[in-house]
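K.L.:
With the numbering used here applied, the sequence shown closes on residue 209, and no number is skipped along the way. C-beta atoms are modelled at their ideal positions from N, C-alpha and C, and glycine is treated no differently. One structure, pasted below without further comment.
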Amino acid sequence: MSKEPYDTAAFISELIRAANETDQLTKLQRARLLQRAAVTLRRDYQCKVDYSGTPANIKWLGHVIYSWPEMPRLIDMFSDEEVSNELLYAAWLFKQEIAAIEAGKPKVLPAKTKR
Numbered sequence: 095m096s097k098e099p100y101d102t103a104a105f106i107s108e109l110i111r112a113a114n115e116t117d118q119l120t121k122l123q124r125a126r127l128l129q130r131a132a133v134t135l136r137r138d139y140q141c142k143v144d145y146s147g148t149p150a151n152i153k154w155l156g157h158v159i160y161s162w163p164e165m166p167r168l169i170d171m172f173s174d175e176e177v178s179n180e181l182l183y184a185a186w187l188f189k190q191e192i193a194a195i196e197a198g199k200p201k202v203l204p205a206k207t208k209r
């Protein structure tokens with residue numbers, strides 16, 4: 095994987111570490127990680143993955159674009175487990191994105207499945 099100004103692999107590690115230590119994170123730290131994940135994923139998708147700018151092409155990002163930026167505002171409402179699950183989901187999405195790009199097949203990534 096090439097070195098770029100923003101190291102996605104390092105961010106994945108940070109998300110996983112934070113997900114395993116959510117009980118030790120402040121509300122502000124949780125909020126910022128979720129915001130960073132949403133912004134970074136959207137930016138990466140627009141810059142690196144097949145993106146034409148139409149709403150249909152970012153449909154799978156709906157959960158990320160709308161839920162994660164709102165979670166920080168309401169962070170008190172989410173349990174440690176819920177925040178941890180979202181951070182792990184973010185890490186998984188970044189891994190999927192990297193795999194798609196490295197395979198030369200930047201396509202729409204899978205939507206979140208119900209648990």
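(1) For residue 173, which of helix, strand or coil comes out of DSSP?
(2) Roughly how many angstroms lie between the CA atoms of residue 276 and residue 107, to the nearest whole one?
(3) With distance defined between alpha-carbon atoms, name the residue in 174, 117, 191 and 169 nearest to residue 129.
(4) Among the candidates 132, 124 and 172, whose CA atom is the shortest distance from the CA of residue 186?
(5) Given this structure, state the Cα-to-Cα distance separating residue 96 from residue 138, to the nearest angstrom.
(6) What's the gap between the Cα of residue 112 and the Cα of residue 198?
(7) Going by beta-carbon coordinates alone, are residue 116 and residue 177 separated by less than 8 Å?
(8) CA-CA distance, residue 102 and residue 118?
P.N.:
Looking at the atomic coordinates:
(1) coil
(2) For residue 276 there is no data in the structure shown, the boundaries of the chain being 95 and 209.
(3) 169
(4) 132
(5) Note that residue 96 has pLDDT 46, beneath the 50 cutoff, so the model's placement of it is unreliable and no number is given.
(6) 30 Å
(7) yes
(8) 23 Å
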